[in-house]
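First residue of the sequence shown: 2, per the numbering used here; consecutive thereafter.
Even for Gly, the Cβ is constructed at its ideal location relative to N, Cα and C.
These numbers were taken from a predicted model, which means no experiment stands behind them.
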Amino acid sequence: MPIKTALLCFALFFPFAVIQARDVQVIQLTQQQNNVLGMPFTESFIDYSGQLKLESVREPFYADKFVRTGEKILSYGFLNGVVWIHGAVANTSGSNAYLLLEYSNIDTVDLFYYHKGRLHTVEAGSHRPLERNAFPAAGYSFLLPAPDSSGKPLEFWLRVRSGNSVIIPLTAVTAEGLWGSYVRMYGAELIYGGIILALFFYNLSLYRWVKERSYLYYIGYLSALGAYVLLYLRGLRVFMGQGVADFICQYGVSLVAIAYMFGISFAISFLKGKIYAPKLTKVLQVINWFMCITLITCFTGHRAAAIHQEEILSLVTPILIIILSISVYQKKYKPAFYFLLAWSILLLVIVFFAASVLGLFKVQTWTLQAISIGSGVEVILLSFTLGFRYLLLKRETIHLITQHNVLLEQQVKERTSELQDAMERLSAGNAVKNQLLGIVSHDFKTPVSNLRWLMEQAQSGNNSTERLGKLQKEIDTELNRIAFTMDNILHWSLTQMDKIEPKAESIDLKQLVQEVLNDNRVAAKKKNIVLTATVVEGVCVHADIGQLRLVLLNLLHNAIKFTHAGGEVTAGAAWSLDSGRVELYVADTGVGMTQEDVNRLMDAGSFYSRQGTSHEKGTGMGIKLCKEFIEANGGILKVKSELNEGAYFYFSLPVCK
């Protein structure tokens, strides 16, 4: 009888024993290792019926179907089924642990785990309320329970279903590792958003000057594409409230069709398709009508069908526009070259992303940012085409002026005045564009580099809790600096467009110099450079504080760039020998310059740049901006330098009233 009882108990509990015996690789979270890509440590199984419950998949028959994942990110393309993921987390960091699914377009995701003998279920997904997440952020987040006294790893199961492409980037983090995870996944989107905003305002102002329909089509394309990438594809809709997030989740795919409708109209208008390629233009117009059908399909609730239609149109449309660009370029219309290059890049990115989703390439973390990067490059190149168009308009204008001079002198005088005004507006707009793009590349380079260095330090695995806290504060400082620089650039571009004079005010130089030094401390720390402020007590100037801050930031950036590791950089201010003025200066112990280098640097008609002591690169835009802003505020930038003796940049401004 005891033997029969033992056999009966073994038979009843055999499935549980099998499950517990499975060798599940554990994701280890410690104080040093606080951010781990979890997918390589898990195993997965596809339930094509979509009907299995947790009790079923834990049974031996289905448990044996789980296979080791091995990939950093799971990707299945469009999958008519449910993906089950099985893993375990051991948290010895002493702080909260989270599971993150850093991809926003997942319809439903359910987390199952046993804690203290009870089954816990947490539901999330784009079709569920935002408050189901552990905290508001793009993607989905789950707070894991604190480790129990036994110290056993927490075993979990995830059930994932999506009507979109199934892409699952799983990360296990502690509270200290959250910043690193989200900066890694969404840092590119901050820069992408800044580029979209800058190009939007620039082309909107340009349209006000030239009144050409192509600029409106470009603005529409830019807006719809940016909204699709940031709000729908990358999930930043979560910051706009439940109602807006639900609407974008349901109908956001329509933004692709809207973007392509504007893009096709822009291509036909800008490339003069009705003149150079009338047959191909008609084909593109038919594609635009198909886009309308896709919109109707989406807004009538057939999202899956709309997505499949857009997949086809997303390949066909760039190919047709590329063919149109080639055809027009062969007929000597040179702006078509930029169109050809821009849409070729977008097509390559779309093909690469689609191939990655379908499993032809391994999906990496940066793969999810491919559309952001590719479309960002594309819209910049398309903006260049508008600048090239200005050159052609200029030539046409000169030709018209010549013809009118021959035909009728009096009419030519009136017409010439109008055309010259138009040329000046176009020239001003083109100059703003060139300077604005130069500033974006110059002034975002340093903070992004600093941010990358800080993230490497944070993920080095040898950091204490106190050091992680300091690194997080420095990361916050760099992110704030990026946001400040973006605001400053947009403000500068608007003042250039409207020809607004600098707004002078009384500025406390001691406080301003200290703030600028603090903004550059991360860059200096990387090269072990000492930053020193020597400002005479009580000295102040009368100038535009935004422009003066940008001047000091650029001069300090260049000083650090050309100073060897272990050197010193000093920023200061003192009373000038000229009555009623204050001299400001930035000095370094760096490589210095020859007189020839100084002359080329101060030449107003060119941009001059050299590599720094750590091979840093620049555009030469910084010094040019410094000279312009200093002259706008009543000063002149000067420099004293000898080779291997450092450099001393100085200028004077009026003392505050």
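List the whole-angstrom C-beta distance separating residue i from residue j, where the pair is believed to meet the contact cut-off of C-beta under 8 Å.
i	j	result
ASN555	LEU626	6 Å
SER326	TRP344	7 Å
VAL25	ALA89	5 Å
LEU644	MET594	7 Å
ALA534	GLY573	6 Å
ILE196	GLY377	5 Å
LEU472	GLN458	6 Å
LEU200	LEU223	6 Å
LYS66	PHE42	In fact, because the Cβ distance is near 18 Å, the residues do not count as touching under 8 Å.
LEU30	ALA98	5 Å
From the DSSP output, read off the bridge partner residues of residue i.
i	result
LYS641	TYR649
ARG119	HIS116
THR533	THR571
PRO1	Since the displayed the chain opens at 2 and closes at 658, residue 1 lies outside it and no answer follows.
HIS543	SER507
TYR99	LEU144 and VAL174
VAL517	Answer is none; VAL517 lacks a bridge partner.
VAL587	ALA572 and PHE650
LEU155	VAL90
VAL27	ALA89
Can you say whether residue i is buried or exposed, counting buried as having 16 or more other CB atoms within 10 angstroms of its CB?
i	result
SER182	buried
PHE300	exposed
LYS562	buried
ASN35	buried
ALA566	exposed
TYR49	exposed
HIS400	exposed
THR581	According to the sequence shown, residue 581 is Gly rather than Thr. Exposed.
ARG242	Note on residue identity: the sequence assigns Gly, not Arg, to residue 242. With fewer than 16 Cβ atoms within 10 Å of its Cβ, GLY242 is classed as exposed.
ASN559	buried
TYR115	exposed
GLU584	buried
ASP422	exposed
THR122	exposed
Could you please give the first and the last residue of the uninterrupted alpha helix (DSSP H) stretch that includes residue i?
i	result
VAL84	Counting along the chain, VAL84 falls outside any alpha helix (DSSP H), though it belongs to the beta strand (DSSP E) covering 83-92.
ILE276	274-277
SER465	First-last for SER465: undefined, no H or E at that position.
GLU506	Where GLU506 is concerned, there is no enclosing alpha helix (DSSP H), although the beta strand (DSSP E) it sits in stretches over 506-509.
ASN559	546-562
PHE248	243-252
SER215	214-228
ARG238	Run containing ARG238: none; DSSP gives neither H nor E here.
LYS526	522-527
If you run the structure through DSSP and keep just helix, strand and coil, what is residue i?
i	result
ALA575	strand
PRO41	helix
ALA22	Note that ALA22 scores a pLDDT of 38, beneath 50, so its modelled location is shaky; the value from the coordinates is reported in the next line. Note: ALA22 maps to helix in three-state DSSP.
PHE113	strand
TYR104	coil
ALA306	helix
PRO3	Per-residue confidence for PRO3 stands at a pLDDT of 42, beneath the threshold of 50, marking its modelled position as unreliable; no derived number is given.
GLU538	coil
PHE263	helix
ARG160	strand
VAL592	coil
GLU72	coil
ARG582	strand
ASN36	strand
ASP477	helix
ILE168	strand
THR318	helix
ALA12	Below a pLDDT of 50, predicted positions are generally treated as unreliable, and ALA12, at 38, falls in that range; no measurement from the model is reported.
TYR49	coil
PRO61	helix
THR301	coil
HIS565	coil
ALA371	helix
GLU124	strand
TYR330	helix
PHE338	helix
GLU379	helix
In terms of residues, what are the limits of the beta strand (DSSP E) holding residue i?
i	result
GLN32	Note, GLN32: premise wrong, no beta strand (DSSP E); not H, not E.
THR447	Careful: THR447 lies outside any beta strand (DSSP E), inside the alpha helix (DSSP H) at 446-459.
PHE143	141-145
ALA173	171-175
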